[in-house]
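**Q**
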Amino acid sequence: MPANDPHSRFMGQWDTYHAFNWGKLEVVRKHGLAGILLVQGGPSRGTKPIPPSSPRASGGPIIALQGQMWDLPIFTVTRAAADQLLAPSGKTTDQLQAQIDATGDPASFVVPNSTACMSKAFTDTSTHNDRNVVALLPGSDPTLSAQTVIVTAHHDHMGTVNGHIYHGADDNASGTAGVMEIATAFVQGHVHPRRSVLFMVYAAEERGLVGSYYYVNHPLRPLATTVATLNMDMIGRNENDTNWPTPADGNINMVNVLGTRYNPALGAIVARENQFEGLKLDQKMDVVDPDSLWSRSDQYWYAGLHIPQVLFQTGLQPDYHTENDIAATLNYPKMTKIARLVFLSAAAVANSSQKILFYPAGAPAAPARP
Ligand SMILES: [Zn+2]
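Note that the sequence shown covers residues 44 to 413 in our numbering.
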């Protein structure tokens, strides 16, 4: 299995963006499919299931873009059920998977005499209007100004849950403040980057990355000339997470930097600019990501488009997605440093004469998972 092969073309044993269902669904949705059956029961990667990011005890709310996002019937089926459907073809899921693993090519075919009836019904639906908020700083270079660097955060949180206000100071007022401060620094500091910089705070991240999904499907600047996106989602706390052994007081100056495994050149720019801020940059979640945090914020869609991307995030802590995520708990000196680092990195990318590569072809195999 590629999952256990350190020399796999999918970056060795690391989980890559190909591994997440959202990306798979998006690929097949664009091919105009009528419905999707996801076959479960593959090899375990030893990661724990993703905890839900919003309360869904009542089965809702689940929000998607009207008529655009996952409006297909999608069901998961066991391997046994899939094999039953495949039976008239004489093939099994194991054989097909082995064939695809060996060739790296899709193995599409029509299954004769087999039908699956799927239907999906929406109940208690309501329509909400929401807004991504954007501002553009045009680049100063006559040629490079056509290219765009995007600096982002999400501005939504969870609202009121069972009568309790969820303030979302860390998640994600912190990142939203970061975007506003960085935009202010460019303008008031009279920084005139060669490439254009788009500042954007997304709506409805907590409902499934909806605002960023909307943007990448309705871009204001061509995605083909979007050179990178730098995203901040929770940059205000000290990590205190049972997955990682360091206690919170050991994380006072630490920020997780996620996603640069796909674009090491962007990671190198961040590391270089950090000489001015002296933060402890932690890339642990590029190697082990038990909560799949990289796939759970807005820069995720850009990876599927092969646009270099990075997420800055100070980690989980017990107040995450509770009413206790309040302003008094934030580490403001660290937030300031992170916003400055993102500003310096964005400016460096916007001024660089080199194009940052995404997941460079021919890159050496990633090291094995520890
Ligand atoms: Zn968030």
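Think of the CB as a built atom: it goes at the ideal place given N, C-alpha and C, for glycine as much as any other residue.
Since we're looking at a predicted model, the values are computed, not measured.
What do you reckon, is the C-beta of N215 under 6 Å from a heavy atom of ligand 1?
**A** Correct: N215 has its Cβ closer than 6 Å to ligand 1.
**Q** Less than 7 Å between the beta carbons of S239 and S188, yes or no?
**A** Yes, they are a contact pair.
**Q** Judging by CA-CA distance, which residue of D292, E282, K323 is the nearest neighbour of G358?
**A** Closest by alpha carbon: E282.
**Q** Measuring alpha carbon to alpha carbon, tell me which of T379, Y60, W287 ends up nearest N317.
**A** Ranking T379, Y60, W287 by Cα distance to N317 puts T379 first.
**Q** Please name the residue in M297, I278, T191 whose C-alpha comes closest to that of A212.
**A** Measuring from the Cα of A212, the nearest candidate turns out to be I278.
**Q** State buried or exposed for F63, treating a residue as buried only when at least 16 other CB atoms are found within 10 Å of its CB.
**A** Counting Cβ neighbours within 10 Å, F63 comes out buried, since at least 16 surround it.
**Q** Would you give the residue range spanned by the beta strand (DSSP E) that V194 belongs to?
**A** First-last of the beta strand (DSSP E) with V194: 191-197.
**Q** What number of angstroms, rounded off, separates the C-alpha of Q356 from the C-alpha of N306?
**A** Going from the Cα of Q356 to the Cα of N306 covers about 17 Å.
**Q** Would you say the beta carbon of D276 comes nearer than 6 Å to a heavy atom of ligand 1?
**A** At least one heavy atom of ligand 1 is nearer than 6 Å to the Cβ of D276, so yes.
**Q** Here's the rule: buried if 16 or more other CB atoms are within 10 angstroms of the residue's CB, otherwise exposed. What is A220?
**A** A220 comes out buried.
**Q** When burial is assigned at 16 or more other CB atoms within 10 Å of the CB, is Y375 buried or exposed?
**A** Y375 comes out exposed.
**Q** In whole angstroms, give me the CA-to-CA distance for T158 and L128.
**A** Approximately 8 Å, taken between the alpha carbons.
**Q** If you draw a straight line from the alpha carbon of A267 to that of G251, how long is it in whole angstroms?
**A** Using only the alpha carbons, I get a separation of about 24 Å.
**Q** According to DSSP, what are the bridge partners of M297?
**A** For M297, which the question treats as bridged, DSSP gives the partners K323.
**Q** Would you mind reading off the limits of the beta strand (DSSP E) that contains M201?
**A** Looking at the DSSP string, M201 is not in any beta strand (DSSP E), and its letter there is neither H nor E.
**Q** For H207, which three-state DSSP category applies?
**A** H207: strand per DSSP, three-state reduction.
**Q** Would the beta-carbon of Q342 fall within 7 Å of that of V300?
**A** No, Cβ-Cβ distance for Q342 and V300 is not below 7 Å.
**Q** Identify, in the order they occur along the chain, each residue of the same chain with its Cβ nearer than 8 Å to the Cβ of L263, setting aside the five sequence neighbours on each side.
**A** Contacts found: V177, L179, L241.
**Q** Please state whether the Cβ-Cβ distance between D284 and S340 is less than 7 Å.
**A** In this structure, S340 does not lie closer than 7 Å to D284 by Cβ.
**Q** Under 8 Å: do the stretch 379-391 and the stretch 216-230 share three or more Cβ pairs, one atom per stretch?
**A** Yes, the stretch 379-391 is in contact with the stretch 216-230.
**Q** How far does the alpha helix (DSSP H) with M161 in it extend, from its first residue to its last?
**A** Here M161 belongs to no alpha helix (DSSP H), and DSSP marks it neither H nor E.
**Q** Out of curiosity, what's the CA-to-CA distance linking M297 and A371?
**A** M297 and A371: Cα-Cα distance of roughly 19 Å.
**Q** Quick check: G78 and G347, are their CB atoms within less than 7 Å of each other?
**A** No; because the gap between Cβ atoms is not below 7 Å, this pair is not in contact.
**Q** List the endpoints of the continuous alpha helix (DSSP H) containing M223.
**A** Element bounds for M223: 218-231.
**Q** Between T121, K73, N394, which has its C-alpha nearest L81's C-alpha?
**A** L81 has its Cα closest to that of T121, out of T121, K73, N394.
**Q** Checking 7 Å against the spacing of the C-beta atoms, do L309 and A271 come in under that value?
**A** Going by C-beta atoms, L309 is nearer than 7 Å to A271.
**Q** When the Cα atoms are used, what is the spatial distance from P104 to V353?
**A** Because P104 sits at a pLDDT of 43, beneath the cut-off of 50, its placement in the model cannot be relied upon, and the following sentence gives the value as read from the coordinates. Rounded to the nearest angstrom, the two C-alpha atoms are 29 Å apart.
**Q** So for L348, helix, strand or coil by DSSP?
**A** L348: coil per DSSP, three-state reduction.
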